[in-house]
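Remarks on the structure that follows.
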Amino acid sequence: MADVIASGNTVTWIMKCTGKGGEVMGTGEITYSGNSSKGTMTILMPQANMKMTSNLSGKRIGKCK
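Throughout the sequence shown, residue numbering follows the numbering used here, covering 1 to 65 in sequence.
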């Protein structure tokens, strides 16, 4: 992960991984609001001509045990 930026209740990031199969790049953003969060993450795989977008959501369900 690189360029992780927190501003208020929103976090954005950029990622880049390089391996034998090629390069994978991505960006993401998540916003926290009370006990929940919502965001998106986009992954690009140019060598395979692929783009994948994931919707993220979370909800606090209690203390860690």
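Just so you know, even glycine gets a beta-carbon here, dropped at the ideal spot from N, CA and C.
Applying the criterion that 16 or more other CB atoms from any shown protein chain within 10 Å of the CB defines a buried residue, is GLY28 buried or exposed? buried
Separation of MET15 from SER37, as counted between CA atoms: 20 Å
Does the beta-carbon of GLY58 have 16 or more other beta-carbons within 10 angstroms, so that it is buried, or is it exposed? exposed
Measure the C-alpha to C-alpha separation of TYR32 and THR10 and round it to an integer number of angstroms. 6 Å
Could you check the C-alpha separation between ALA48 and THR12 for me, to the nearest Å? 25 Å
Boundaries of the beta strand (DSSP E) in which CYS17 is found, first to last residue: 10-19
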